[in-house]
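Heads up: the sequence shown runs through residues 926 to 1900, numbered per this note's numbering. Down below is the structure, laid out as structure tokens.
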Amino acid sequence: MTDAALVNRMQLSRPDITPEEAAELLLTHYGLSGTLTELGSQQDRNYRISAGDNSYVLKVCRTEYDTVELEAQNAAIRHLHAKPDAPRLPNIVPSLNGRDILAVTIREQDYLVRLLSYLPGQSLTRRKHLPLASVSALGTLSARLARDLADFDHPGLHRNLQWDLRRAGPVAVQLLSAITDHEARDRIAKAMVSAVKRIQPLAAKLRVQPVHHDVTDDNVVCHPDTHGQPIPDGVIDFGDIIQGWLVGDLAVTCTSLLHHAEGDPFAILPAIRAYHAVYPLEEVEAKALWPLIVARAVILAASTEQQLAIDPDNDYVRGNLEHERAIFDVATSADPEVMEAAILRTVGFDVAPIETEGWAALLPDIAADTIAAVDLSTTSPHFVDDNWRKPDMDWRLLAREAVASGTAATRYGEFRLSRGGILGMTPPQSFALHSDVCLPAGTVVAAPFAGRIQWDGQHLVLVSDAVSLHLDGIDCTLEEGAEIEQGAAIGTIAGESSTVGGLRVQLCRSPSLVPPLFAVAHQADGWSAVCPSPAVLLSPACEAPREDGAALLARRAAHFARPQKHYYQIPPQIERGWREFLFDMEGRAYLDMVNNVTMLGHAHPRLTAAVEQQWSRLNTNSRFHYAAVAEFSERLAALAPEGLDSVFLVNSGSEANDLAIRLAWAHTGKKNMLCLLEAYHGWTHASDAVSTSIADNPQALTTRPDWVHPVVSPNTYRGPFRGPDSGADYVASVTTLLEAIDEKGNGLAGFIAEPVYGNAGGIALPHGYLTDVYAAVRERGGLCIADEVQVGYGRLGHHFWGFEQQGVVPDVITVAKGMGNGHPLGAVITRREIAESLEKEGYFFSSAGGSPVSSVVGLTVLDIIRDEGLQENARVVGDHLKARLAALMERFPLIGAVHGTGLYLGVEFVRNRETLTPATEETADICDRLLDLGVIMQPTGDHLNVLKIKPPLCLSAESADFFVKALEKALEDTV
926 MTDAALVNRM
936 QLSRPDITPE
946 EAAELLLTHY
956 GLSGTLTELG
966 SQQDRNYRIS
976 AGDNSYVLKV
986 CRTEYDTVEL
996 EAQNAAIRHL
1006 HAKPDAPRLP
1016 NIVPSLNGRD
1026 ILAVTIREQD
1036 YLVRLLSYLP
1046 GQSLTRRKHL
1056 PLASVSALGT
1066 LSARLARDLA
1076 DFDHPGLHRN
1086 LQWDLRRAGP
1096 VAVQLLSAIT
1106 DHEARDRIAK
1116 AMVSAVKRIQ
1126 PLAAKLRVQP
1136 VHHDVTDDNV
1146 VCHPDTHGQP
1156 IPDGVIDFGD
1166 IIQGWLVGDL
1176 AVTCTSLLHH
1186 AEGDPFAILP
1196 AIRAYHAVYP
1206 LEEVEAKALW
1216 PLIVARAVIL
1226 AASTEQQLAI
1236 DPDNDYVRGN
1246 LEHERAIFDV
1256 ATSADPEVME
1266 AAILRTVGFD
1276 VAPIETEGWA
1286 ALLPDIAADT
1296 IAAVDLSTTS
1306 PHFVDDNWRK
1316 PDMDWRLLAR
1326 EAVASGTAAT
1336 RYGEFRLSRG
1346 GILGMTPPQS
1356 FALHSDVCLP
1366 AGTVVAAPFA
1376 GRIQWDGQHL
1386 VLVSDAVSLH
1396 LDGIDCTLEE
1406 GAEIEQGAAI
1416 GTIAGESSTV
1426 GGLRVQLCRS
1436 PSLVPPLFAV
1446 AHQADGWSAV
1456 CPSPAVLLSP
1466 ACEAPREDGA
1476 ALLARRAAHF
1486 ARPQKHYYQI
1496 PPQIERGWRE
1506 FLFDMEGRAY
1516 LDMVNNVTML
1526 GHAHPRLTAA
1536 VEQQWSRLNT
1546 NSRFHYAAVA
1556 EFSERLAALA
1566 PEGLDSVFLV
1576 NSGSEANDLA
1586 IRLAWAHTGK
1596 KNMLCLLEAY
1606 HGWTHASDAV
1616 STSIADNPQA
1626 LTTRPDWVHP
1636 VVSPNTYRGP
1646 FRGPDSGADY
1656 VASVTTLLEA
1666 IDEKGNGLAG
1676 FIAEPVYGNA
1686 GGIALPHGYL
1696 TDVYAAVRER
1706 GGLCIADEVQ
1716 VGYGRLGHHF
1726 WGFEQQGVVP
1736 DVITVAKGMG
1746 NGHPLGAVIT
1756 RREIAESLEK
1766 EGYFFSSAGG
1776 SPVSSVVGLT
1786 VLDIIRDEGL
1796 QENARVVGDH
1806 LKARLAALME
1816 RFPLIGAVHG
1826 TGLYLGVEFV
1836 RNRETLTPAT
1846 EETADICDRL
1856 LDLGVIMQPT
1866 GDHLNVLKIK
1876 PPLCLSAESA
1886 DFFVKALEKA
1896 LEDTV
């Protein structure tokens, strides 16, 4: 094809085929009729036809495209169909006369027509955010297609196409002529020139083969995985298939990801890693990849501008305009040196280190082994309470160490906790690309290598051909452009005599780049290659070791028994907490909205001090006589209704519920226990027996012992009876079951239930339900057990105990979790005669239950709840949070209901507010997205479609608002 023909093609609009004409084509040539829907395309005219149970795509193109090119597309589809484990692909549907491609004339215009089967599935294009699984899967799909096309050949592949990145430069020149905005045209031209300069030296070594050249977010279809995340598994358009650069094919895929990247070019790295794992890149291809991505972004931007000028009514092109401008902006915002390094390291190629052998000392008067490195990481012992949030805390610690040791330095490559901040939806720039040194003022600073002086204000740069040294904090009289020899003095540390000063040291490979001082964690590999460690100039101790979270997770999996699960498929490594926040090893803060174990908040200093003091004095078991166990038992009894005056202290909620059931057995002499469906009470033998939640145990409904009698859960939202006044109907079902137990004559030991339906997200029980059920149980001599492990102890805000909401008094109260703020502590509170019934079976003993430390923990927690008004905070902030969450229902139909009270809330997601179909996969996807946005949240309930919101009771209104904003964004990004 001549260049003139290519230019002519680039100026084509779509075929002018109306829906009526398309319907006539389908009926005449394919015998099909049905509902037509136009599909988007840049230069073709595509219609989807739904004909009964089947759907098809009619593709009409201009005859400027040769028949052999369409034959190549069909042949490629058939070639791939024959491959084992092929992705989902459309089928070619022949016409009534057996032709795959038809030549037709409509209104004196000739066209080529094909029919393909329609490939169902979700597109990625309109989804704002793509999770890691989707990005990786797109890279894998692109690689599989390229690998399987390697042995394909067809004459129609050898063609000139505007999308062929081998021709990107000339194509861009032609497209630029159609852009009338001079500023935009200059930006596009400049970007292409820069990209071509980097591609040209590599071009001859790039592999050429048949490539799809359009495996993009727009041309794949997906299925949701178990986390509700879209996984590309089908390819729908082969219109750009050519013989071209293999790495150009990957560049096309990566470029399409940039408008989902929220401005972060590094978001493409998982796709590259996944591609390389299937179809390995060569090093030269890895180096060419980023400039090819830039070139593709240029062609997209320029082509869209031109196509709109030609075909202004093309809604498909106009709809992509914003995406393609975003792609261009992201592609041209990144430093190419950094992106090349990041890509090389992603696929396992080394970035050649800078040559430092023979460098002179930067600080000739200070011995390297006398420089003390200061730990400023998440696990630093220097950080207590939240002192890392104080202004200049890093410098204060550095100066303190310098006073003690003479010279101190921060560590390059360390994730600084002080950089993390709180309530941020994006990861912080916390990876240090420099070192700060605190040392005596007047210390000489020398040139480690020969170079030229550059000034940027007070910022000094020593520039050589290979590397630049960036310095701050020195007095220097050298002028701009001055040449300096290796080992010569540059200047001295600024400051008054006998004081300390600060020196900032940073290396950078790129002489034109002003590097950042810190990088985001997932960008660290790229930036650290461009800004290598200055430890070579200071001390080996000035480079922090890189933590390997994946290796640690593997160690956990190797020895920590598998049934003990962890949150998230790729969990952050959490090593610090403060109030309602958790901090990972990269210095990122997460808002903890699930941790009802730490009721007071993480690392409460008052509790820490109390535990330290008691542990340093005494810790033993409760068979010894000491004050704390008496004081704590007395406090708990005072919090319970009158008559519940006897306390057992145990280690956990499971143990508390197990003991409560044993008390019912011992007191009544009966075995049968009544419980609710969809409930969870623990993992011991008895507490597990009455746990019927299939989310916690998929076999729960088929493996209950015969003494367990579950009744229908009084779920006023999705149960068989709806609304707060449905109590009588639910009580009737309990009565029926009790009568069946009566008939067998074995009697009833008791009834255990959460007084607020916690496992479903804090749904209130219907009015009068516990009043009537408790009465029926007591009429038969049974005991009523209120499981307050999750919902009690002030969490509901409006009530200290959940049973107060129903206006009842149980016979036995169980409590745990928050009462120890993370320390293993639980309790059973009951009447004396019930407690003493257990003596028929001997005495009771729990090793750590009621120990001096446990008792002091329990007392201190109660003191803090009282002194800091945490129950009132749960009421005020909880009511505010619930109102904010309920307001989201107007925008997002996926939210079916907001349940709960205080700081025990539940957001239930449904696909339809009438049928209440649980949105299980969507909920998992939302939780994963919330993690990206800095919020810890997990799905719960039997359908795993509820966000159970149970943060520390110190949650601030500001944090509650942040959670709502994060949830709003997660819904926007995923639904």
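Backbone N, C-alpha and C fix where the C-beta goes; we use that ideal spot for every residue, glycine too.
Own chain residues within Cβ distance below 7 Å of residue i, not counting five before or after
i, result
"residue 1564", "1725"
"residue 1472", "1510"
"residue 926", "Legend: pLDDT at residue 926 = 46, less than 50; position of this residue unreliable, no value from coordinates given."
"residue 1666", "1597, 1634, 1673"
"residue 1504", "1526, 1527, 1877, 1879"
"residue 1817", "1896, 1900"
"residue 947", "961, 972, 983"
"residue 1308", "1342"
Buried or exposed by the 16-neighbour rule on C-beta atoms within 10 Å, applied to residue i
i, result
"residue 1491", "exposed"
"residue 1731", "buried"
"residue 1312", "exposed"
"residue 1709", "buried"
"residue 1808", "exposed"
"residue 1905", "Because residue 1905 is not part of the residues shown, which for the chain are 926 to 1900, the question remains open."
"residue 1283", "exposed"
"residue 1897", "exposed"
"residue 1487", "exposed"
"residue 1301", "buried"
"residue 1485", "exposed"
"residue 1559", "exposed"
"residue 1782", "buried"
"residue 1640", "buried"
Contact test: residue i Cβ vs the ligand FAD heavy atom, cutoff 7 Å
i, result
"residue 1651", "In the structure shown, the ligand FAD is absent, as is every other ligand, since no ligand is present at all."
Rounded straight-line distance, which links the Cα of residue j to that of residue i
i, j, result
"residue 1391", "residue 1210", "23 Å"
"residue 1426", "residue 1399", "9 Å"
"residue 1717", "residue 1873", "15 Å"
"residue 1005", "residue 1036", "27 Å"
"residue 1656", "residue 1697", "7 Å"
"residue 1454", "residue 1852", "34 Å"
"residue 1151", "residue 1846", "6 Å"
"residue 1722", "residue 1825", "11 Å"
"residue 1317", "residue 1177", "45 Å"
"residue 979", "residue 1041", "11 Å"
"residue 1137", "residue 1070", "7 Å"
"residue 1019", "residue 999", "11 Å"
Spatial neighbours of residue i in its chain, beta-carbon cut-off 6 Å, leaving aside the 5 residues before and after
i, result
"residue 1195", "1057, 1060, 1061"
"residue 1734", "1566"
"residue 1082", "997, 1135, 1167, 1168"
Spatially closest choice to residue i from the options, by CA coordinates
i, options, result
"residue 1352", "1514, 1478, 1436", "1514"
"residue 1393", "1493, 1329, 1430", "1430"
"residue 1445", "1370, 1342, 1428, 1523", "1342"
"residue 1432", "1644, 1451, 1459", "1459"
"residue 1535", "1197, 1561, 1746, 1889", "1746"
"residue 1028", "1050, 1379, 995", "995"
"residue 1841", "1293, 1820, 1860, 1326", "1820"
"residue 1213", "1110, 1091, 1332, 1136", "1091"
"residue 1457", "1385, 1438, 1695, 1359", "1359"
For residue j and residue i, believed in contact at Cβ under 8 Å, the rounded distance
i, j, result
"residue 1366", "residue 1424", "5 Å"
"residue 1187", "residue 1225", "About 18 Å separates the two Cβ atoms, so there is no contact after all."
"residue 1548", "residue 1770", "7 Å"
"residue 1229", "residue 1116", "Going by Cβ atoms, the distance from residue 1229 to residue 1116 rounds to 15 Å, so no, they are not a contact pair."
Spatial neighbours of residue i in its chain, beta-carbon cut-off 8 Å, leaving aside the 5 residues before and after
i, result
"residue 1588", "1708, 1737, 1753, 1755, 1759, 1760, 1762, 1763"
"residue 971", "963, 964, 965, 982, 983, 984, 985"
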